[in-house]
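Residue numbers (full-length UniProt numbering): 1 to 475. Step one of this worksheet: look at the structure below.
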């Protein structure tokens, strides 16, 4: 199987991945606005609950294969087919097991038959989406993700159009959920077909027991880390539904979480695009590149989070109307979660490719456990405040731990780089939160002050500038 396709620069790959996720998120965002308007907060809450359930479980089915493929395909050119075959076997098997477990959970916990059917549509969607993500992982590992935005726009757009037409014709939530399953299944079929045509022999199952054990053993820590990361962003919606009876609260919080998740597009794309190259760089002694990538991702994420907190709530209120004022308010506070969450995810994935899998697992699992425990303990007083506060506490603590562990893993002489980053973040948020003016004014002022601080502290040194140019490549 030939893999000698022309590779693009990381900048091109980030653009492709970000545009794919942005296009899909924008379509889902507009679609969600229509659903929220036509279904109301309570039924929207049911829809988001189903999405949260399967997104929380889907990483069990993926079994860490995206990270495994990014790490292995660039280093073992002679074993490409065995790697792909056994990776597909593990992904498919784990996905079916996860689907069976989720089906049983839904059947036990949901007493209403129609609600069971509604949520079970998402189980089918999970299987299709798992296959789509696996195929995308192969192309990302080959640094050839340029086709992904086309599929994302086609299938998410068609799903949205079909759903809106159905609602206008008098259809209900069950049909909307069925369409969600149908279009992920169709995308899975065409994605697998594309892979089999472009890489003949790639689409087959591997049955060697010893090789399956080896792949599974290597992937297990990736599985735990990625599942914990996914659970972190979904567990609030699931727990809020279980801990209190008000479906409207779930709807508002779930919608605000959707908006925050949409903000993860660029950090997630950067993580996916950087990993294959950072893995090769680390294996050739270039661990410093990783620190530069973390610095760049952290600063861009910080700027995006501050501006979203300032202007996002107004946009949500204007688009959704006064009935969703609580959603806008929640989004403003969830933006405080965005920065430490995105940085922790990036650091966790980096630890996975620099032989720090156990550290990454402990950090990501710890982040999710801290969040879940704090939410469960304090939910009785105010479930929404408990959800937001527990997320902030968990992400900040684990971000600091992750930065320290990356420094130790790379055997850096000191922790100055991440102490500077924490100081910049704290300074910016102090300027924002002291309340001397409205957030729309304080946010840009705080970012300008942060820019001056970055220059004064020499946060990006000459090596960082050279590395950024080299990693991003030529325009």
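For glycine and all other residues, C-beta sits at the position ideal for the given N, C-alpha and C.
| Item | Value |
| --- | --- |
| Would you mind reading off the limits of the alpha helix (DSSP H) that contains residue 151? | 148 to 168 |
| For residue 168, tell me which candidate among 35, 299, 244 and 411 has the shortest Cα-Cα distance. | 35 |
| Counting along the chain, where does the alpha helix (DSSP H) carrying residue 340 start and finish? | 325 to 353 |
| Can you tell which of 220, 322, 290 and 410 has the C-alpha that lies nearest to the C-alpha of residue 464? | 290 |
| Please report the Cβ distance between residue 367 and residue 335, rounded to the nearest whole angstrom; I am assuming they are in contact, meaning their Cβ atoms lie under 8 Å. | Their Cβ separation, rounded to whole angstroms, is 18 Å, which puts residue 367 and residue 335 out of contact at 8 Å. |
| Secondary structure at residue 438, three-state DSSP: helix, strand or coil? | coil |
| Is the beta carbon of residue 361 less than 7 Å from the beta carbon of residue 221? | yes |
| Can you grab the Cα-Cα spacing for the pair residue 149 / residue 179, in whole Å? | 20 Å |
| Determine, using beta-carbon pairs with one atom in the segment 338 to 347 and one in the segment 388 to 406, whether at least three such pairs fall under 8 Å. | yes |
| What is the DSSP secondary structure of residue 5, counted as helix, strand or coil? | Here residue 5 scores only 47 on pLDDT, less than 50, and its place in the model is too uncertain to base an answer on. |
| Identify whether residue 183 lies in helix, strand or coil by the three-state DSSP scheme. | helix |
| Report back the beta-carbon spacing between residue 239 and residue 375 to the nearest angstrom; my notes put them in contact at under 8 Å. | 6 Å |
| Going by other Cβ atoms of all chains shown within 10 Å of its Cβ, with 16 needed for buried, is residue 414 buried or exposed? | exposed |
| List the endpoints of the continuous alpha helix (DSSP H) containing residue 171. | Here residue 171 belongs to no alpha helix (DSSP H), and DSSP marks it neither H nor E. |
| Using a threshold of 7 Å, state whether the C-beta atoms of residue 353 and residue 71 are closer than that. | yes |
| Taking the C-alpha atoms as reference points, what is the distance between residue 85 and residue 202? | 7 Å |
| Figure out for me which residue from 459, 390 and 439 has the closest Cα to the Cα of residue 418. | 459 |
| Below 8 Å, can you find three or more Cβ-Cβ pairs linking the segment 232 to 248 to the segment 92 to 108? | no |
| Does residue 59 pass the burial test, meaning 16 or more other C-beta atoms within 10 Å, or should it be called exposed? | buried |
| Using the Cβ count rule (16 or more neighbours within 10 Å means buried), how would you classify residue 245? | exposed |
| When the Cα atoms are used, what is the spatial distance from residue 122 to residue 50? | 6 Å |
| For residue 194, which three-state DSSP category applies? | helix |
| Does the Cβ of residue 214 have 16 or more other Cβ atoms within 10 Å, making it buried, or fewer, making it exposed? | exposed |
| Which residue spans inside the segment 72 to 103 form an unbroken beta strand (DSSP E) run of at least 3? | none |
| Need the endpoints of the alpha helix (DSSP H) that residue 232 sits in, please. | 209 to 243 |
| Comparing alpha-carbon positions, which option in 132, 138, 256 and 332 lies nearest residue 81? | 138 |
| Could you name each continuous alpha helix (DSSP H) segment of 4 residues or more that falls completely within the segment 375 to 460, going from the start of the chain to the end? | 383 to 409, 416 to 433 and 439 to 456 |
| Nearest-angstrom Cα distance between residue 339 and residue 309? | 11 Å |
| Who are the near neighbours of residue 468 in its chain, counting only those whose CB is closer than 8 Å to its CB and skipping five residues on each side? | 292, 296 and 460 |
| May I ask you to report which of helix, strand or coil DSSP gives residue 64? | coil |
| Terminal residues of the continuous alpha helix (DSSP H) containing residue 356? | Counting along the chain, residue 356 falls outside any alpha helix (DSSP H), and DSSP gives it neither H nor E. |
| Buried or exposed: where does residue 299 fall if 16 or more other Cβ atoms within 10 Å of its Cβ makes it buried? | buried |
| Between residue 106 and residue 117, is the Cβ-Cβ spacing less than 7 Å? | no |
| Can you have a look at residue 411 and say buried or exposed, based on whether 16 or more other CB atoms are within 10 angstroms of its CB? | exposed |
| Consider the C-beta atom of residue 114 and the heavy atoms of the ligand MN; say whether any pair is separated by less than 6 Å. | Looking at this structure, you won't find the ligand MN or any other ligand, since it has none at all. |
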